[in-house]
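J.: Just so we're aligned, residue 2 is where the sequence shown starts under the numbering used here, counting upward by one. All C-beta atoms, glycine included, are put in the ideal place defined by N, C-alpha and C. Predicted, not measured: the structure shown is a model, and the values here were computed from it.
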Amino acid sequence: MSDTMSKIKEKFVPKRMIINDGGKKYHFYQKVYYEDFLEKCSTSKAKTYEMIAQLASMNDSDGKDKCRTAERYHDILLFNGKINTNAMASKLVGMLLSLQWNADFNPLNHTYIDEYDDKIKEKSYKWDDRQAKWHDIVGFDDSKKNNYIAGYIISLIHLLADSELYTVNLTNETVDETGFYDDRIKEINYIIDELYLTDQEMNDKWKNVFKPVSDMIHMADYSGIYDPIWIEANEAITYFDPAFDIYDKDKSLFYKIKSGKLWVKFRIDPDDDMLKRQSIYIKKIHEEDNRTNAHRSENMLFEEELIKAFMTILKNEFRTS
């Protein structure tokens, strides 16, 4: 790796970005753009900035070097700079749209930026007030009750990727996320209690299935589900755990951690067979994404695998005759 590429990677600061130009808001897909930018810079950083400046029709403020403008813009977008004015935000949006639409810079037609609609966002993620409706199905059979509870749990899991592992309140980003997701968890437990008030076995069964989800949301570090029922339903939910990477690249460190010699602990214990299955899974995902140009993030994949696991649990554990 060249010294230039190393410096770019060291400087890069990943973060969620909504760009507001005073009139509209835009979601900037930073990781997607960063990867394309990095690929261009592998040939020449200077030529990459020159290409960007030309495609975006830039002019430097002092009239001397338009490439300096491109570099300043990237300091803001990729290297933790600040957007101080609406005018600057508008220029960044213009540059990103120009590059997004240009086949030479973006031959795979990746999306770098799109319009962010607060009303659509609120509508999509606002938790419906259905608590008053629970009594409408109390007299129904277990199959309908189970589907009702499952719908709430699936809705919560579906927030995983967009909420960045439940660290962002999707209805109001200025409000602490803890209360928002705590309310969702309490609501689901409330519904389980109401629907299975006199059936303690089913009540406990649902609580045991749901608890790993609520525990995952409350984790302070890496979020994951390690309950045997969930792993048995879909082992792929474990493939995103850092233990796999350590086991693959540094077995000496892995066994030190496993033996308790270091302060960190593993929640999953991968072996050679699991590592092979993880490798097959990753290869399959890469092939699918390349074929469909999907470019799913790790959080998106994790969310998909949790949904698969939950659907299997629903089928296997809550069958009704």
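Taking C-alpha atoms, which residue in 104, 20 and 320 lies nearest to residue 117?
T.: It is 20 whose Cα lies nearest to the Cα of residue 117.
J.: Using 10 angstroms around the beta-carbon of residue 141, count the other beta-carbons present and answer buried if the total reaches 16, otherwise exposed.
T.: With fewer than 16 other Cβ atoms within 10 Å, it is exposed.
J.: Mind pulling the beta strand (DSSP E) runs of 3 or more residues that sit fully within the segment 222-282?
T.: Whole beta strand (DSSP E) segments, 3+ residues: zero.
J.: Per DSSP, residue 18 forms a beta bridge with which residues?
T.: DSSP lists 29 as partners of residue 18.
J.: Taking the beta strand (DSSP E) that residue 117 belongs to, which residues open and close that run?
T.: Its beta strand (DSSP E) spans residues 114-117.
J.: Taking 8 Å as the threshold, find out whether the segment 161-171 comes into contact with the segment 191-199 through three or more Cβ pairs.
T.: The answer is no - the segment 191-199 does not touch the segment 161-171, with fewer than three Cβ pairs under 8 Å.
J.: DSSP three-state call for residue 165: helix, strand or coil?
T.: Coil.
J.: Quick check on the DSSP output: the alpha helix (DSSP H) that includes residue 104 runs from which residue to which?
T.: Here residue 104 belongs to no alpha helix (DSSP H), and DSSP marks it neither H nor E.
J.: Out of 244, 311, 210 and 248, which one is the CA nearest neighbour of residue 268?
T.: The option with the nearest alpha carbon to residue 268 is 244.
J.: CB-CB under 7 Å to residue 24, same chain, minus the five flanking residues each way: which ones, in chain order?
T.: Closer than 7 Å at Cβ, skipping near neighbours: no residue.
J.: Is DSSP giving residue 84 helix, strand or coil here?
T.: It is coil, neither helix nor strand.
J.: What separation, rounded to the nearest whole angstrom, lies between the Cα atoms of residue 254 and residue 235?
T.: C-alpha separation (whole angstroms): 27 Å.
J.: If you count every other CB in all the chains shown that lies within 10 Å of the CB of residue 239, and 16 or more means buried, which is it?
T.: The residue is buried, with at least 16 neighbouring Cβ atoms inside 10 Å.
J.: Using the beta-carbon count (16 or more within 10 Å), is residue 256 buried or exposed?
T.: It is exposed - the Cβ of residue 256 has fewer than 16 other Cβ atoms within 10 Å.
J.: State yes or no: is the C-beta of residue 84 within less than 8 Å of the C-beta of residue 30?
T.: For residue 84 and residue 30, no; Cβs fall outside 8 Å.
J.: To which residues of the same chain is residue 63 closer than 8 Å at the C-beta, ignoring the five residues directly before and after it?
T.: Only weak support exists for where residue 63 lies, its pLDDT of 40 falling under 50; the coordinates are left without a value.
J.: Does the beta-carbon of residue 252 have 16 or more other beta-carbons within 10 angstroms, so that it is buried, or is it exposed?
T.: With fewer than 16 other Cβ atoms within 10 Å, it is exposed.
J.: Grab me the residues of residue 80's own chain with a C-beta within less than 7 Å of its C-beta, minus the 5 sequence neighbours each way, in chain order.
T.: Same-chain partners within the cutoff: 12, 13 and 14.
J.: Please state the DSSP three-state secondary structure of residue 309.
T.: Correct three-state label for residue 309: helix.
J.: Cα separation between residue 101 and residue 229?
T.: Each residue's alpha carbon lies about 44 Å from the other.
J.: Check whether the Cβ atoms of residue 162 and residue 18 lie closer than 8 Å to each other.
T.: Cβ atoms of residue 162 and residue 18: not closer than 8 Å.
J.: What are the boundary residues of the alpha helix (DSSP H) that residue 211 is part of?
T.: Counting along the chain, the alpha helix (DSSP H) containing residue 211 begins and ends at 201-219.
J.: For residue 6, which residues from the same chain have a beta carbon less than 8 Å from its beta carbon, with the 5 sequence-adjacent residues on both sides left out?
T.: Hits under 8 Å: 39, 42 and 43.
J.: Only counting the same chain, and skipping five residues up and downstream in sequence, which positions put a Cβ closer than 6 Å to that of residue 157?
T.: These residues qualify, in order along the chain: 185.
J.: In chain order, what residues of the same chain lie with their CB nearer than 6 Å to the CB of residue 310, ignoring the 5 residues before and after it?
T.: If we look at residue 310 and ignore the five residues flanking it on each side, its Cβ neighbours are 231, 234, 235 and 238.
J.: From the DSSP output, in three-state form, read off residue 5 for me.
T.: Here residue 5 sits in helix by DSSP.
J.: Apply the 10 Å Cβ neighbour rule to residue 265 and answer buried if 16 or more other Cβ atoms are within range, or exposed otherwise.
T.: When all chains shown are included, residue 265 counts as exposed.
J.: Just to confirm, are residue 98 and residue 74 a CB contact at a threshold of 8 Å?
T.: No, the Cβ-Cβ distance between residue 98 and residue 74 is not below 8 Å.
J.: According to DSSP, is residue 79 helix, strand or coil?
T.: Correct three-state label for residue 79: helix.
J.: State the DSSP-derived secondary structure class of residue 191, mapped to helix, strand or coil.
T.: Three-state result, residue 191: helix.
J.: Could you check the C-alpha separation between residue 210 and residue 226 for me, to the nearest Å?
T.: Approximately 11 Å, taken between the alpha carbons.
J.: Roughly how many angstroms lie between the CA atoms of residue 318 and residue 154, to the nearest whole one?
T.: Whole-angstrom Cα-Cα distance: 15 Å.
J.: Looking at the structure shown, is residue 198 part of a helix, part of a strand, or coil, going by DSSP?
T.: Three-state result, residue 198: coil.
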